[in-house]
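Just so you know, the sequences run in chain order B and U. The numbering of the first sequence is my numbering, which starts it at 1 and goes up by one. The numbering of the second sequence is my numbering, which starts it at 1 and goes up by one. Yeah, the Cβ is synthetic: ideal placement off N, Cα and C, and Gly gets one too. This structure is a prediction, so every number in the text was calculated from the model and none was measured.
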Amino acid sequence: MLELQNVSYVLPDGHAILRDVNLSIDERFVAVTGPNGSGKSTLAKLIAGIYMPTSGKIILDGEDITTLSITERAKAGISFAFQQPVRFKGITVKDLISIAAGRKITLSETCAYLSEVGLCAKNYVDREVDASLSGGELKRIEIAMINARGTKFSVFDEPEAGIDLWSFNNLIEVFRKMYEKTKGTILIISHQERILDIADRIIVVSGGTISASGTKEEILPGLLGTVSPCRFVKEEVANGQH
Amino acid sequence: MDSIEKRLLEQVADLHEMPEGAYSLRVNGALREKKDSAHIKIVKKEDKPGIDIYIAPGTKNESVHIPVLLAETGIKETVYNDFHIGEDCDVVIVAGCGIHNCGVQDSEHSGIHTFYVGRGAKLKYVEKHYGEGDGNGKRVMNPTTVVFMEPDSYMEMETTQIKGVDSTVRTTNAKLGDGATLIIKEKIMTHGEQFAKTDFHVDLDGVGCGTHVISRSVAKDSSRQTFLSHVSGNNRCSGHTECDAIIMDEASVTALPQIEANHIDASLIHEAAIGKIAGEQLVKLMTLGLTEKEAEEEIISGFLR
């Protein structure tokens, strides 16, 4: 179980990105959603240790991990899939999956991890993780790395960002399978209704705080119905032009 | 062969002992042993230090090893090796120089290698430079490579200097005939106070010839590197030169890629990039459980692979 106790993240200029967040997560699949700039990615980076909270505590299975480094948190069982996967010159897909697994893995193991995310291993094992790979391919390799780690708490920051519709349909399948197989917790930041639809619980972050949390039946109708039109549209409606 | 020589040999040629087939082993300024094969003749030069290597036309899937080892301090030598590669060959030449210097005098090896690549021949040339020893004497290597490529020949040159060379000036001059292709891949890592200068000059003279000159380097500590590359397109041809460097600590890197078109159908591209290791690369590998230092090593070893 992961707990955030009164976690805040305030920039040096005093601007608060997250304020006094309290969360307790032990479901298998939790989705975090909310408007752009609401603090979702910051929340994910605080969990992975990329940012340190300016106040509050982060507890993983009863252990206070607030001051642990990125590496220590990774070793404690937290994985983090980047929204924008990183490219490396000279490092191959197999190298990265081996590093993720924490040991030398066989070709057939690498193939199994790649197949799970819909990549034909033959074409990818020895490919460099560089600019020659498309955004969709990189996203899948990013997910394969998280699977290879097999940790108890995996965070995915907008896995759907920057990929085409065809890849997205496959991505949903990947997450469905992951949901069935996972023994830990998957926390996924997403704007996509179809991803939210798989979740056991949806957490809504808005203006740096948790504004709602509950099952999809409780949260989704409110979310979809509360899209606020911009001022221009509101004025048109008020003037009877719409 | 003593243990120091064996270690040097392993570093520069991945060999534990002299291989099957043709080879020439030069140790401490003198030719120690050489061996011919059915298609490859190695002849000692009479007028100056060095050897001529004659590879018979049509020789396929054979290799020649010509390692040079300097294990005594204070040796300075210039060696001339000429390679005559017959038509339609498909061969590999592995050269390399290892210096062990634990004395106070400088050790210096300048190898001048000239390649005559016959029509339609295919050559892979692998060259490794390595230095070790904790004396105050410097380890200096100044390799010069001269390449003449006959029509439709192909040469791939892989040159690597990863460790222990205090000062190096690496000069390569190539002239390409019709339909010839030259690929150069250079990998350099410098550390401490080391200095490395690379100077490639490729003349694309023939119709439809082409070159790719690719350099990847890492400069650590207070080391200095200079990369010069000049590709001249003198006919319908294609040329590409690329320098990619990672800079660390207090190091300095200068990259001067230069392309010169003297023909309307010459298509030439140059690229150069110098920068430190991207923070996001380190963070990504740390989220996979590596420490920052392990992540850095992984990124550098991948980059120089």
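Would you report the Cα separation of residue i and residue j, rounded to the nearest angstrom?
i: Ala112/B; j: Ala121/B; result: 8 Å
i: Val7/B; j: Ser229/U; result: 54 Å
i: Ile163/B; j: Ser55/B; result: 35 Å
i: Ala13/U; j: Ile4/U; result: 14 Å
i: Ser153/U; j: Gly120/U; result: 4 Å
i: Leu15/U; j: Glu294/U; result: 28 Å
i: Lys45/U; j: Pro151/U; result: 28 Å
i: Ala219/U; j: Glu280/U; result: 20 Å
i: Met248/U; j: Met189/U; result: 11 Å
i: Ala95/U; j: Asp61/B; result: 57 Å
i: Glu17/U; j: Glu10/U; result: 8 Å
i: Glu158/U; j: Glu186/U; result: 6 Å
i: Gly77/U; j: Glu108/U; result: Per the sequence presented here, residue 77/U reads as Glu, with Gly not at that position. Cα-Cα distance, rounded: 6 Å.
i: Asp106/U; j: Phe200/U; result: 26 Å
i: Arg7/U; j: Lys89/B; result: 30 Å
i: Met141/U; j: Asn234/U; result: 32 Å
i: Gly222/B; j: Gly207/B; result: 17 Å
i: Leu119/B; j: Arg140/B; result: 8 Å
i: Ala251/U; j: Leu69/U; result: 29 Å
i: Glu3/B; j: Val21/B; result: 10 Å
i: Asp88/U; j: Lys122/U; result: 7 Å
i: Ala272/U; j: Glu260/U; result: 16 Å
i: His242/B; j: Asn36/B; result: Confidence is the limiting factor: at His242/B the pLDDT is only 47, short of 50, which leaves the residue's position unreliable, though a coordinate-based value still follows. Answer to the nearest angstrom: the Cα atoms are 27 Å apart.
i: Asp197/B; j: Arg236/U; result: 59 Å
i: Lys138/U; j: Thr145/U; result: 22 Å
Could you tell me which of the options sits nearest to residue i, measuring between CA atoms?
i: Glu156/U; options: Asp90/U, Gly131/U, Ile112/U; result: Asp90/U
i: Ala38/U; options: Thr59/U, Arg26/U, Glu46/U; result: Thr59/U
i: Leu304/U; options: Glu128/B, Glu160/B, Gly118/B, Thr54/B; result: Glu128/B
i: Pro67/U; options: Arg26/U, Ile99/U, Lys34/U, Val147/U; result: Arg26/U
i: Val231/U; options: His270/U, Val104/U, Asp36/U; result: His270/U
i: Arg149/B; options: Gln84/B, Arg87/B, Lys104/B; result: Lys104/B
i: Ser10/B; options: Thr33/B, Gly39/B, Gly34/B; result: The amino acid at residue 10/B is misidentified as Ser; the sequence shows Val. Of the candidates Thr33/B, Gly39/B, Gly34/B, the one whose C-alpha sits nearest the C-alpha of Val10/B is Gly39/B.
i: Ile188/B; options: Thr71/B, Ala161/B, Ile58/B; result: Ala161/B
i: Glu72/B; options: Glu297/U, Gly289/U, Gly302/U, His84/U; result: Gly289/U
i: Asn147/B; options: Leu114/B, Pro159/B, Gly14/B; result: Leu114/B
i: Ile91/B; options: Ala131/B, Tyr179/B, Gly207/B; result: Ala131/B
i: Gln83/B; options: Ala76/B, Glu116/B, Leu119/B, Ser41/B; result: Ser41/B
i: Cys243/U; options: Gly164/U, Glu250/U, Leu256/U; result: Leu256/U
i: Glu34/B; options: Glu217/B, Phe80/B, Glu3/B, Gln192/B; result: Sequence check: residue 34/B is Gly here, not Glu. Taking only the C-alpha atoms, the option nearest Gly34/B is Gln192/B.
i: Ser167/U; options: Ile99/U, Lys175/U, Asp203/U; result: Ile99/U
i: Gly136/B; options: Leu107/B, Glu158/B, Phe80/B; result: Glu158/B
i: Lys124/U; options: Arg139/U, Val64/U, Ile112/U, Gly137/U; result: Val64/U
i: Thr254/U; options: Gln225/U, His263/U, Asp265/U, Asn262/U; result: Gln225/U
i: Leu46/B; options: Gly184/B, Ala101/B, Phe156/B; result: Phe156/B
Kindly give me the distance between the Cβ atoms of residue i and residue j, rounded to whole angstroms, as I take these residues to be in contact under 8 Å.
i: Val213/U; j: Ile184/U; result: 5 Å
i: Ile17/B; j: Leu285/U; result: With 8 Å as the limit, Ile17/B and Leu285/U do not qualify as a contact, their Cβ atoms being about 25 Å apart.
i: Ser24/B; j: Gly49/B; result: With 8 Å as the limit, Ser24/B and Gly49/B do not qualify as a contact, their Cβ atoms being about 19 Å apart.
i: Glu132/U; j: Pro143/U; result: Actually they are not in contact, since the Cβ atoms of Glu132/U and Pro143/U sit about 18 Å apart, beyond 8 Å.
i: Val30/B; j: Ala199/B; result: 6 Å
i: Ile219/B; j: Thr151/B; result: Contact doesn't hold; Cβ gap of about 27 Å is too wide.
i: Glu302/U; j: Asp95/B; result: Correcting the residue type first, residue 302/U is Gly in the shown sequence and not Glu. Between Asp95/B and Gly302/U the Cβ distance is about 7 Å, and since that is below 8 Å, they are a contact.
i: Gly210/U; j: Gly239/U; result: 7 Å
i: His129/U; j: Cys97/U; result: 5 Å
i: Ile172/B; j: Ile195/B; result: 7 Å
i: Ile299/U; j: Ile274/U; result: Rounded, the Cβ-Cβ distance is 15 Å, inconsistent with contact.
i: Pro53/B; j: Leu138/B; result: Not quite, the Cβ-Cβ distance comes to about 29 Å (not below 8 Å), so this is no contact.
i: Ser215/U; j: Thr198/U; result: 6 Å
i: Val254/B; j: Ile143/B; result: The question about residue 254/B has no answer here: the residues shown for chain B are numbered 1 through 242.
i: Asp203/U; j: Leu176/U; result: 7 Å
Could you check if residue i belongs to the surroundings of the ligand NAD, using beta carbon to heavy atom distance under 6 Å?
i: Ile219/B; result: Summarising the ligand content, the structure contains no ligands, and the ligand NAD is consequently not present.
Give me the subset of the stretch 266-283 of chain U whose CB atoms are less than 8 Å from a CB atom of chain B, sorted by chain position. Ala278, Glu280, Gln281, Val283
Could you list the residues in the stretch 38-52 of chain B with a C-beta less than 7 Å from some C-beta on chain U, going in chain order? Ala48, Ile50
Interfacial residues, the stretch 85-106 of chain B to chain U, with Cβ spacing under 7 Å: Val86, Phe88, Lys89, Gly90, Ile91, Asp95, Ile99, Ala100, Gly102
Which runs of the alpha helix (DSSP H) spanning at least 4 residues fall entirely within the stretch 2-59 of chain B, listed in chain order? 40-48
Which residues, in order along the stretch 31-47 of chain U, keep a beta-carbon less than 8 Å from a beta-carbon of chain B? none
Starting from the N-terminal side, write out each stretch of the beta strand (DSSP E) that is 3 residues or longer and does not extend beyond the stretch 204-288 of chain U. 209-219, 224-233, 237-247, 252-261, 266-275
In the stretch 104-123 of chain B, which residues sit with their C-beta less than 8 Å from some C-beta in chain U, listed in chain order? none
If you scan the stretch 66-126 of chain U from start to end, which runs of the beta strand (DSSP E) of 3 or more residues do you find wholly inside it? 76-85, 90-100, 107-117
Selection of the stretch 98-109 of chain U by Cβ proximity to chain B, strictly under 8 Å: none
Which ranges does the alpha helix (DSSP H) cover as unbroken runs of at least 4 residues, wholly within the stretch 2-73 of chain U, from first to last along the chain? 3-13
Could you please tell me which residues of the stretch 112-134 of chain U, in chain order, have their CB closer than 9 Å to any CB of chain B? none
Residues in the stretch 135-165 of chain U having any Cβ partner in chain B nearer than 9 Å: none
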